[in-house]
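Okay, so here's the structure we're looking at.
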Ligand code: SF4
């Protein structure tokens, strides 16, 4: 972790936490969370796609195929057609079918709580595994998505744009009881102020403490 010392990063992280909670008190996962297995499917579909689109697509998908058993019995071309708006639809349809198979045939109709087990399913990378662990089981884990990675780098709390390194850096400076909500706060910050192309630093709640590193 280059840049600020670890001690200074922890002080900065505390201030970031306070300010973001004040700005976004109700920050939460923007994927719909009706059932654990459905959240996992939404997570798989969320790669390079907005949560709004995923939620919309899944409302139609789950109205036709309410359970993982129904998905497993479906014709994959029908799943592909339904999830097409999410992009990468062929690969994602394969991952959804694989998830449904594991859920039905190997996991005893339960979503696993371990990262290793979850990542046996292609399409479930570390980011989605962390999402599932946090949202379903309240196991501390930071979801480092594109927003989180970008804002943490700009703020100065990581010097890496590699998600795994950034996650490790973030976990060093925030207490673990903050990890789950922190991911949501970072997304809110990234969407409202710290946009990829044009950050609105003048109005940002982190103005004055952010290192404003270019990215
Ligand atoms: S001050 Fe600017 S760079 Fe820093 S978090 Fe806010 S919008 Fe992003």
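Residue numbers (the working numbering): 56 to 270.
No residue lacks a Cβ here, since even glycine has one placed at the ideal position from N, Cα and C.
- Taking a cut-off of 5 Å from the heavy atoms of the ligand SF4, the residues with a C-beta inside it are 209, 248, 249, 254, 256, 259, 261, 265 and 267.
- Put simply, the backbone Cα of residue 254 is about 10 Å away from that of residue 209.
- Closest option to residue 269, judged by alpha-carbon separation, among 205, 132, 149 and 263: 205.
- Contact check for residue 140 and residue 112: beta-carbon distance about 5 Å, within the 8 Å limit, so the pair qualifies.
- Here the alpha carbons of residue 109 and residue 143 stand approximately 13 Å from one another.
- Of the residues assessed, residue 240 falls on the buried side of the cut-off, its CB having 16 or more other CB atoms within 10 angstroms.
- Here DSSP, grouped into helix, strand and coil, assigns residue 117 to helix.
- Excluding residues up to 5 positions away in sequence, 188, 192 and 194 lie with their Cβ nearer than 7 Å to the Cβ of residue 168 in the same chain.
- One alpha carbon belongs to residue 100, the other to residue 201, and they sit about 15 Å apart.
- Burial state of residue 258 is exposed, judged by a 10 Å Cβ sphere holding fewer than 16 other Cβ atoms.
- 8 Å or more divides the Cβ of residue 235 from the Cβ of residue 184.
- Ranked by Cα distance from residue 63, the options 228, 153 and 182 are led by 228.
- Close CB contacts of residue 170 within its chain, under the 6 Å cut and outside five residues either way in sequence, are with 184 (chain order).
- Excluding sequence positions up to five before and after residue 126, its CB lies within less than 6 Å of the CB of 120 and 155, all in the same chain and listed in chain order.
- Note that the C-beta distance between residue 264 and residue 70 is below 8 Å.
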